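All remarks here apply to the structure that follows.
Number of protein chains: 4
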Amino acid sequence: MRYETKITARYAETDQMGIIHHSVYAVWYEAARTEFIKISGITYSQLEAKGIMLPLTELGCKYLLPVHYEDEVTIETRITRISFAKVTFGYRVLLNGNVMNEGFTSHGFVDSKTFKPLNIKKVFPEFYEKLKSIRED
Amino acid sequence: MRYETKITARYAETDQMGIIHHSVYAVWYEAARTEFIKISGITYSQLEAKGIMLPLTELGCKYLLPVHYEDEVTIETRITRISFAKVTFGYRVLLNGNVMNEGFTSHGFVDSKTFKPLNIKKVFPEFYEKLKSIRED
Amino acid sequence: MRYETKITARYAETDQMGIIHHSVYAVWYEAARTEFIKISGITYSQLEAKGIMLPLTELGCKYLLPVHYEDEVTIETRITRISFAKVTFGYRVLLNGNVMNEGFTSHGFVDSKTFKPLNIKKVFPEFYEKLKSIRED
Amino acid sequence: MRYETKITARYAETDQMGIIHHSVYAVWYEAARTEFIKISGITYSQLEAKGIMLPLTELGCKYLLPVHYEDEVTIETRITRISFAKVTFGYRVLLNGNVMNEGFTSHGFVDSKTFKPLNIKKVFPEFYEKLKSIRED
């Protein structure tokens, strides 16, 4: 399953090159991921309340075309890999039919108090099954 | 007492006007405040570990001259007011003898678990006395 | 006239206090202002293309209640003052009927090449008249 | 050649997990890159003034250990690849002898007006030769 999030580029997100600063895409991915996770029927806030966090283990990002202030981009999010320990999301930033940027983030499932890895299938099986069911290469 | 912190303007902090974005000054004030608080002999991290937080209640900021990428500014910080409930810091951002920006932040002393106001003189008298002793209009 | 913009608080906008960082409100004000200016029939991007910029001269911000990750706030924007040289916007951040934060930004009208003040009534009278007509104390 | 930059983690850079937000590392890489480029005898600001920009084409980042507020990290920067069209920088974020994070950024050399690729060896041969001479796998 692919999920689409609309984001309007903010002025604060531009840099003196006149384009959206490269560090911003990770923030947009996250906003898109937040909406995507809601599809599972649980918000990320609720997940944290349950003592589960998903810190990043890896980020990759390709900058294909520059995005500008006030551009209304679409972030397309999907889950590309899921295991008991880790989940990987893929993203594409689209504008007028063009792919402006694409990337991925990998996340470990960890205990929010100890920051130690946890087995998501054991700790929260419904969430694991839901994510697995919407996975798409 | 006035304390000086050096900061080099980052590229990510610029916007498409080619100047440092106005939201960044609050972040620089905070970096300067972190160093300033250390003078009291306790770091802000230790303060939080003691269950005390200083969330902002008010921010004021005047933009006098634009700051640019790679400019090495000096942030001059001082405490202008201190009570059992609240502390106010004043800031000036200097470059080559010019005041580029000036502002203030007010903070309440609160309990880090309940977010309720606390009396800093009761909870941590040494810290209160130290801040009071370095206050300067 | 008052204009309402919806914003969902991002994870990247939180800090270790577990609340939205105080520097973020200036960014939200700006996103709200961008939408508000569009009402005048011209986007801020078009304004910059015409050689007009509105850098901040002053910012004021009061933090009344903390906003959290995934909160969907409403930013209410209005113009409180307008002259040939300057415009002031007022903002209120609302959540569930509560005012979480309120503030203002003042902006000078300047030439985008020289950064020198310009008389907006002379340079772009329709824009000036439009802003004036929607002003509200 | 490897170059070391010291950075103190800012409060604004934390998130509600209590760690430095993952989008911040790209900003730290950039601050380190700015200092590294200065070694070549030319600042990045001067490079832009000459009509040359280095927008990112790719970013990769591995999060090995969490960094916290007030941590004083060292960013180790080097050039891993250089061609007429592109340069790649490698980074390691170190704290107390541990590698907390590592990554790379690739940049195209482009004309600052047209954003079109340019041949750095033709346009600014001394800069190209300097970067090449300090390259290290």
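Residue numbers (our numbering), protein chains in the order written: chain A, 1 to 137; chain B, 138 to 274; chain C, 275 to 411; chain D, 412 to 548. The C-beta atom is built at its ideal place from N, Cα and C for all residues, glycine as well. No experiment lies behind these values; they were computed from the predicted model shown.
Put residue i into one of helix, strand or coil per three-state DSSP.
i	result
B:Y206	coil
B:K253	coil
A:I37	helix
A:F127	helix
C:L330	strand
A:E138	Any property of residue 138 of chain A remains undetermined from this structure, which presents chain A solely from 1 to 137.
C:L321	helix
D:E424	helix
A:S106	strand
D:E441	helix
Which whole-angstrom value is the C-beta distance of residue i and residue j, which I expect to be below 8 angstroms?
i	j	result
B:A194	B:H158	The sequence given here has Thr at residue 194 of chain B, not Ala. The pair is not a contact, with the Cβ atoms about 23 angstroms apart (cut-off 8 angstroms).
D:G462	D:D522	6 angstroms
C:P329	C:A359	No, C:P329 and C:A359 are not in contact; Cβ-Cβ is about 12 angstroms, not under 8 angstroms.
D:E487	D:K417	Incorrect: roughly 11 angstroms between the Cβ atoms, too far for contact.
Do residue j and residue i come within 8 angstroms of each other at the CB atom, strictly closer than that value?
i	j	result
C:K404	C:S319	no
B:G197	B:R215	no
A:R2	A:E136	yes
C:A300	B:A149	no
C:E278	C:T348	yes
D:W439	D:V498	no
A:A9	A:V99	no
C:T354	A:E70	no
A:I82	A:K132	yes
B:I271	B:Y265	no
Under the rule that 16 or more other beta-carbon atoms within 10 Å means buried, what is residue i, buried or exposed?
i	result
B:G240	buried
A:T14	buried
C:N375	buried
D:S434	buried
C:L338	exposed
A:A32	buried
D:T525	exposed
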